[in-house]
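K.L.:
Let me begin by handing over the structure; questions about it come next.
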Amino acid sequence: MKTETFPVVIVGSGIAGLLAALKLAEAQVPCVVVTKTFLADNSSRMAQGGIAAVLPDNSTDSLALHVQDTLQAGAGLVDPKMTYSVVAESFEAIQDLIHLGVPFDRVEGKLAFTKEGAHSANRILHAGGDATGRSIQETLIRHTRENPLITVYEECMALELLVEDNICRGVMAVNYQDKHQLEPIQFLGGVTILATGGLGQLYSQTTNPPIATGDGVALAYRAGAHIQDIEFVQFHPTALWAKGGVQFLISEALRGEGGILRNKSGRPFAADYHPKGELAPRDVVTRAIYSQMKQDHMPYVWLDITHLPPEKTETRFPNILQACLSFGVDIRKDYIPVAPAAHYAMGGVLVDEWAQSSVKNLYAIGEVMSSGLHGANRLASNSLLECVVFARRVAQHVVENPVPALDTAPQVSYPVESLQYGYPPALISGIAELRQTMWQETGILRSKSGLKAAQSKLAELNRLGQQDGLFSWVPDGIEFANMLVTSQLICEAALGREESRGAHCRTDYPDIHETSTHTIQRSVGAGFKPARNRPETQISVGTSVRRAGLKPAPTWL
Ligand SMILES: Cc1cc2nc3c(=O)[nH]c(=O)nc-3n(C[C@H](O)[C@H](O)[C@H](O)COP(=O)(O)OP(=O)(O)OC[C@H]3O[C@@H](n4cnc5c(N)ncnc54)[C@H](O)[C@@H]3O)c2cc1C
0 MKTETFPVVI VGSGIAGLLA ALKLAEAQVP CVVVTKTFLA DNSSRMAQGG
50 IAAVLPDNST DSLALHVQDT LQAGAGLVDP KMTYSVVAES FEAIQDLIHL
100 GVPFDRVEGK LAFTKEGAHS ANRILHAGGD ATGRSIQETL IRHTRENPLI
150 TVYEECMALE LLVEDNICRG VMAVNYQDKH QLEPIQFLGG VTILATGGLG
200 QLYSQTTNPP IATGDGVALA YRAGAHIQDI EFVQFHPTAL WAKGGVQFLI
250 SEALRGEGGI LRNKSGRPFA ADYHPKGELA PRDVVTRAIY SQMKQDHMPY
300 VWLDITHLPP EKTETRFPNI LQACLSFGVD IRKDYIPVAP AAHYAMGGVL
350 VDEWAQSSVK NLYAIGEVMS SGLHGANRLA SNSLLECVVF ARRVAQHVVE
400 NPVPALDTAP QVSYPVESLQ YGYPPALISG IAELRQTMWQ ETGILRSKSG
450 LKAAQSKLAE LNRLGQQDGL FSWVPDGIEF ANMLVTSQLI CEAALGREES
500 RGAHCRTDYP DIHETSTHTI QRSVGAGFKP ARNRPETQIS VGTSVRRAGL
550 KPAPTWL
């Protein structure tokens with residue numbers, strides 16, 4: 000089998016993966032970036048709202064305020080020490096991006112800040128109006144392509160981590176650029192960095208791109224890494240509903256700019272559910288919309304930003320405006336039909352403050368990581384911040400602690416000889432069934448019986464996949480196998496969490512347990528001590544809503 004050796008192997012080319020590569024190159028460390036489709040194809044490029052940061056010239060904000068908002072959104076499971084350190088690094092992180100040439104929006108030469116749900120200050124930087132992710136991603140891609148120290152493999156899919164005695168030596172992958180001649184490759188590296196993004200595609204309704212199939216969690220889990228808090232999947236309250244399904248994200252920033260949620264008859268309803276109304280934490284707004292949809296017997300509610308002057312909508316939300324227009328909705332004068340969709344994975348591969356996983360020489364950064372920043376619910380725009388901060392940190396740690404790559408790979412058995420390119424119908428329908436099951440049984444509202452039903456379905460699909468050889472098809476069969484592993488982990492963790500907290504809502508356990516902690520799916524890697532402090536004050540979003548005696552109070556709040 001072809002073998003390539005690099006000091007560092009990075010899997011994934013989103014903002015996390017590419018920035019890590021560039022920071023390593025800055026320190027003269029060569030690396031390879033292996034990405035399963037193309038450099039520009041990922042969740043990063045889709046980020047609309049922006050990136051949260053506390054900057055010195057923003058007098059309305061402070062580190063303490065940003066930390067407090069993050070803790071509050073995370074419903075008692077956020078690591079305060081980790082959060083403080085990430086927020087404190089936000090200034091340098093943004094400086095890095097500006098230095099690379101990211102064109103953040105400005106007003107009279109000064110950086111423009113906006114506000115999003117559950118933020119108590121204007122601290123979200125954006126670029127190209129609502130094209131923040133694309134602006135950052137394009138800047139990083141330009142630098143990556145120009146940098147001789149970074150080797151890129153596109154249409155090259157990671158199959159399995161090369162792990163022996165709990166030490167990671169690289170990754171086995173398949174290059175499928177030539178569809179008629181698949182090429183298995185072993186990428187050996189001193190260290191391996193997973194930057195594989197999220198898992199929204201496990202759900203039939205999602206804002207995520209097709210690449211977001213939870214591969215990194217499955218790879219790390221199979222390699223023996225700890226997986227943490229994977230039951231916490233954020234469902235974004237507002238995606239455009241058109242042509243019988245969710246089409247794309249309608250950014251929180253629209254509500255930040257005064258957007259109003261209206262029910263079937265046009266009455267604003269968000270304040271019925273939470274004092275912060277449209278700007279309440281995402282999980283609360285999601286369930287409020289879900290409840291309203293049920294009451295109205297409608298597959299969507301309305302989002303209204305018609306109060307904004309049309310020229311402001313055109314400059315602030317040019318992409319959302321165009322995308323909605325393509326579905327016949329003119330957001331300058333029409334209400335927008337919106338519904339919730341799977342959006343973000345709060346949990347993932349458990350890491351410490353340097354992004355090290357419990358497997359030696361294996362790091363995880365970006366959405367695939369579970370650093371403790373998000374707890375049970377992510378604060379909007381903290382994820383891009385986490386990508387940038389941990390890309391910087393991982394590079395620094397690797398530069399300061401270099402590990403030589405081995406000349407030969409450890410023995411990891413993987414049936415590469417059976418790999419083939421294609422999309423058989425049984426595979427397509429198997430994936431569709433998985434996504435439908437996950438949406439129905441492990442989505443916004445969960446229960447023991449639903450989660451058990453999902454587990455049985457997943458087991459049945461797994462049997463079918465093995466029996467019919469579906470897991471040997473590149474790329475979707477590989478993804479299907481990973482989706483099954485990650486989905487099972489979500490079910491297992493969601494069953495184990497017998498409470499409702501943050502984004503995890505159990506109809507059979509509607510209350511929060513004040514003593515509950517993070518979930519860890521697997522215990523290997525003796526001696527690994529992740530930085531985890533329990534927050535001193537438990538903040539319970541659900542309880543505070545009930546205490547406030549707000550009406551209507553759905554039973555699951
Ligand atoms: C529509 C949308 C809007 C968002 N808006 C915001 C926002 O405004 N602010 C914010 O902070 N966050 C936002 N987010 C979340 C944020 O964009 C993501 O969390 C973040 O971009 C993830 O970056 P990443 O580098 O970890 O992963 P990604 O950008 O998703 O990149 C993952 C990479 O891994 C590769 N990969 C995956 N599996 C494999 C494999 N097996 N082999 C090889 N390569 C693999 C993929 O091909 C891809 O290149 C948004 C997300 C979406 C979907």
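Under numbering that gives the first Met the number 0, the sequence shown has 33 at position 34, and the numbering climbs by one with no breaks.
Don't be surprised by glycine CBs; every beta carbon is placed ideally from N, CA and C.
1) Mapping the DSSP letters down to three states, classify Met156 as helix, strand or coil.
2) Rounded to the nearest angstrom, what separates Ser455 and Ser428 at their Cα positions?
3) Does ligand 1 have a heavy atom nearer than 7 Å to the CB of Met345?
4) Could you give the distance in angstroms between the alpha-carbon of Glu385 and the alpha-carbon of Val85?
5) If we count the other Cβ atoms within 10 Å of its Cβ and call it buried at 16 or more, is Ser134 buried or exposed?
6) What separation, rounded to the nearest whole angstrom, lies between the Cα atoms of His512 and Glu498?
7) Could I get the ranges of all uninterrupted alpha helix (DSSP H) runs contained in the segment 59-146, with 4 residues as the minimum, in chain order?
8) Three or more beta-carbon pairs under 8 Å between the segment 88-101 and the segment 388-405, yes or no?
9) Should Gly215 be counted as a contact of ligand 1 given a C-beta to heavy atom distance under 7 Å?
10) At a threshold of 7 Å, does Lys35 count as lining ligand 1 (C-beta to nearest heavy atom)?
11) At a cut of 8 Å, does the segment 349-364 reach the segment 308-327 through at least three beta carbon pairs?
12) Can you tell me whether Ser356 is buried or exposed? The criterion is at least 16 other CB atoms within 10 Å of its CB, across all chains shown.
13) Touch check for the segment 197-205 and the segment 336-344: three-plus C-beta pairs under 8 Å?
14) Take Ser446 as the anchor and find which of Cys504, Arg122, Val284 has the nearest alpha-carbon.
15) For the structure I just gave you, are there three or more beta carbon pairs, one from the segment 127-142 and one from the segment 68-77, closer than 8 Å?
16) Between Val170 and Leu181, which are expected to be in contact by the criterion C-beta below 8 Å, what is the C-beta distance as a whole number of angstroms?
17) Taking 7 Å as the line, does the beta carbon of Met564 fall inside it for any heavy atom of ligand 1?
18) Would you tell me roughly how many angstroms separate the C-alpha atoms of Gly127 and Tyr152, rounded to the nearest one?
19) Is Met156 a contact residue of ligand 1, with contact defined as CB to any heavy atom under 7 Å?
20) Pick out the complete beta strand (DSSP E) segments inside the segment 296-324, 3 residues or longer, and give them in chain order.
21) Beta-carbon separation of Leu405 and Leu187 under 8 Å?
22) Run the proximity test for Ile14: is its beta-carbon closer than 7 Å to any non-hydrogen atom belonging to ligand 1?
23) With a floor of 3 residues, list each beta strand (DSSP E) that falls wholly inside the segment 389-462, ordered by position along the chain.
24) Label Arg462 either buried or exposed according to how many other C-beta atoms from any shown protein chain fall within 10 Å of its C-beta, with 16 as the threshold for buried.
25) Is the beta carbon of Ala354 sitting closer than 8 Å to the one on Ile149?
26) Give the DSSP bridge partners of Gln227, in chain order.
27) Between which two residues does the beta strand (DSSP E) carrying Ala363 extend?
28) May I ask which residues mark the beginning and end of the alpha helix (DSSP H) holding Lys22?
29) Tell me whether Cys386, by its Cβ, gets closer than 7 Å to a heavy atom of ligand 1.
30) Whole angstroms is fine: what's the gap from Pro175's alpha carbon to Cys155's?
31) Below 8 Å between beta carbons: does that hold for Pro336 and Thr285?
32) Using CA atoms only, rank isn't needed, just tell me which of Asn207, Thr59, Gln227, Pro280 is closest to Asp40.
33) Within a Cβ cutoff of 7 Å, which residues of the same chain sit near Pro236, ignoring the five residues on either side of it in sequence?
34) Pull up the distance between the alpha-carbon of Val411 and that of Ile14, whole angstroms please.
35) From Gly48 to Asp467, what distance separates their C-alpha atoms?
36) For ligand 1, is there a heavy atom less than 7 Å away from the beta-carbon of Gln176?
P.N.:
Working from what's here:
1) Note: Met156 maps to strand in three-state DSSP.
2) Rounded to the nearest angstrom, the two C-alpha atoms are 17 Å apart.
3) Distances between the C-beta of Met345 and the heavy atoms of ligand 1 are all 7 Å or more.
4) When the Cα atoms are used, Glu385 and Val85 turn out to be separated by approximately 7 Å.
5) By the 10 Å Cβ count, Ser134 comes out buried.
6) Within the model, the alpha-carbon separation for His512 versus Glu498 is close to 6 Å.
7) If one requires a minimum length of 4 residues, the alpha helix (DSSP H) runs lying completely within the segment 59-146 are 62-72, 79-87, 89-99, 131-145, in chain order.
8) The segment 88-101 vs the segment 388-405: in contact.
9) Yes; taking the cut-off as 7 Å, the Cβ of Gly215 has a heavy atom of ligand 1 nearer than that.
10) Correct: Lys35 has its Cβ closer than 7 Å to ligand 1.
11) No, the segment 349-364 is not in contact with the segment 308-327.
12) With 16 or more Cβ atoms within 10 Å of its Cβ, Ser356 is classed as buried.
13) Touching, yes, given that three or more Cβ pairs across the two stretches are closer than 8 Å.
14) Nearest C-alpha to Ser446: Cys504.
15) Segment contact: the segment 127-142 against the segment 68-77, fewer than three CB-CB distances shorter than 8 Å; contact not assigned.
16) Between Val170 and Leu181 a beta carbon distance of about 16 Å is seen, past the 8 Å cut, so the two are scored as non-contacting.
17) This structure cannot speak to residue 564, because the chain is shown only from 0 to 556.
18) One alpha carbon belongs to Gly127, the other to Tyr152, and they sit about 29 Å apart.
19) Checking every heavy atom of ligand 1 against the Cβ of Met156, one is found closer than 7 Å.
20) Listed in chain order, they are 300-303.
21) In this structure, Leu187 lies closer than 8 Å to Leu405 by Cβ.
22) Ile14: yes, Cβ under 7 Å from ligand 1.
23) The segment 389-462 contains no whole beta strand (DSSP E) run of 3 or more residues.
24) That one is exposed.
25) For Ala354 and Ile149, no; Cβs fall outside 8 Å.
26) For Gln227, which the question treats as bridged, DSSP gives the partners Gly347, Ile519.
27) For Ala363, the uninterrupted beta strand (DSSP E) run begins and ends at 361-363, by DSSP.
28) For Lys22, the enclosing alpha helix (DSSP H) covers residues 14-25.
29) Within the cutoff, so yes.
30) Checking the sequence, you will find Tyr at residue 175 rather than Pro. Spanning the alpha carbons of Tyr175 and Cys155 requires a straight line of approximately 6 Å.
31) No, Cβ-Cβ distance for Pro336 and Thr285 is not below 8 Å.
32) When only C-alpha atoms are compared, the closest one is Asn207.
33) Cβ neighbours of Pro236 beyond the five flanking positions: Arg281, Val284, Thr285, Ile288, Pro339.
34) Val411 and Ile14: Cα-Cα distance of roughly 30 Å.
35) Across the structure, Gly48 and Asp467 are spaced so that their CA atoms are roughly 43 Å apart.
36) Using a cutoff of 7 Å, the CB of Gln176 does not count as near ligand 1, since none of the ligand's heavy atoms is closer than that.
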